[in-house]
Ligand SMILES: [Zn+2]
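The structure is reproduced here in structure tokens:
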């Protein structure tokens, strides 16, 4: 297997300590700077440049890219990027760290997951130069920035009033992706090939080992989730041999899961009876749904032994609402078909209702 700590996969990969070239600029070794990416798909005169932070080390090494707010309402990753990029000393760094705090600036300004045309940017990678607006933006971002990366971490949160235990989504069938995921330490890893058109899947297809880090819920800044993400990213940077930082986390092995969603059969007011990260047994009460008109209450029971890795916040739901995301360790997989290389339940229309958030 190719060593992701040194050479990069793409033709543009940077392995020397020469200037780092991106977006028409040359970033000198041992310096940090701010660049601007401009998709060029807005009206002339009101196009908004999207900031790109670059820390280019004195010594050669990988090009690690951190992308956040591809969904404009997912805020935790924005703060993770800031903390990591401004903590790195370029004189001590081997390689380059590129941080794009807000990829979907148009969505962010409207507190929206989507682009202004309601398209999900994260279903349009790697994009197309002559496609839809979303596809053109994706194409520009993919070619101007993503292709310059040798390792990529895309930062997300749960979607639509759901929250996620900090977790990695990774296609562990790819050995290089598995190495990146394992490097985070202390973070749950959920096997997932990734939705078609997602940044992660397109980047992996282009030979760039990529994982998604999910932490918390949209529309909020959550201190504990941000802290977990920053520690995980620094553990990765350390494992890639790019930077020595005082280890604050020991190095417990990552825990692998396959996952299943548990849905509400009835509609009404959902109250969760478990908390994120809690271990549950088969048959254990996860939550209740009470019809506000008839006062009929239905219990949601866990069909599995596992751990709550994602859940809806309390809200009014319709029948069929995906309420609890249960991580199952491979030996606990009910059908035995999952294992570490299993994937989401085949009947899960992940992309349709955005359960595959990233
Ligand atoms: Zn997202």
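In the numbering used here, the protein residues as written are 219 to 576. We put the CB at the ideal spot given by N, CA and C, even for glycine.
Contact check, residue i vs residue j, beta carbons under 8 Å
i: residue 408; j: residue 332; result: no
i: residue 352; j: residue 328; result: no
i: residue 577; j: residue 339; result: Given that the chain is displayed from residue 219 to residue 576, the structure contains no residue 577 and the question cannot be resolved.
i: residue 310; j: residue 461; result: yes
i: residue 527; j: residue 543; result: yes
i: residue 298; j: residue 373; result: yes
i: residue 579; j: residue 330; result: The shown model of the chain, from 219 to 576, leaves out residue 579, and the question about it has no answer.
i: residue 401; j: residue 457; result: yes
i: residue 524; j: residue 498; result: yes
Check: residue i C-beta below 7 Å from any heavy atom of ligand 1
i: residue 448; result: no
i: residue 374; result: yes
i: residue 526; result: no
i: residue 357; result: no
i: residue 443; result: no
i: residue 289; result: yes
i: residue 305; result: no
i: residue 377; result: yes
i: residue 292; result: yes
Integer-rounded CB distance, given that residue j should sit under 8 Å from residue i
i: residue 490; j: residue 437; result: Wrong, their Cβ atoms sit about 18 Å apart, outside the cutoff.
i: residue 459; j: residue 279; result: 7 Å
i: residue 485; j: residue 535; result: 6 Å
i: residue 250; j: residue 267; result: In fact, because the Cβ distance is near 18 Å, the residues do not count as touching under 8 Å.
i: residue 395; j: residue 388; result: 5 Å
i: residue 316; j: residue 283; result: 4 Å
Limits of the unbroken alpha helix (DSSP H) element including residue i
i: residue 420; result: 417 to 423
i: residue 303; result: 294 to 305
i: residue 490; result: It is not in any alpha helix (DSSP H) - residue 490 instead sits in the beta strand (DSSP E) that spans 486 to 490.
i: residue 323; result: 323 to 327
i: residue 395; result: 393 to 401
i: residue 454; result: 441 to 457
Rounded straight-line distance, which links the Cα of residue j to that of residue i
i: residue 236; j: residue 246; result: 7 Å
i: residue 269; j: residue 510; result: 47 Å
i: residue 521; j: residue 538; result: 15 Å
i: residue 214; j: residue 435; result: Look at the range of the chain in this structure, 219 to 576, and you will see that residue 214 is not part of it.
i: residue 578; j: residue 366; result: The displayed coordinates of the chain run from 219 to 576. Any statement about residue 578 would go beyond what the structure contains.
i: residue 496; j: residue 314; result: 37 Å
Residue span of the beta strand (DSSP E) that contains residue i, given as start and end
i: residue 408; result: 406 to 409
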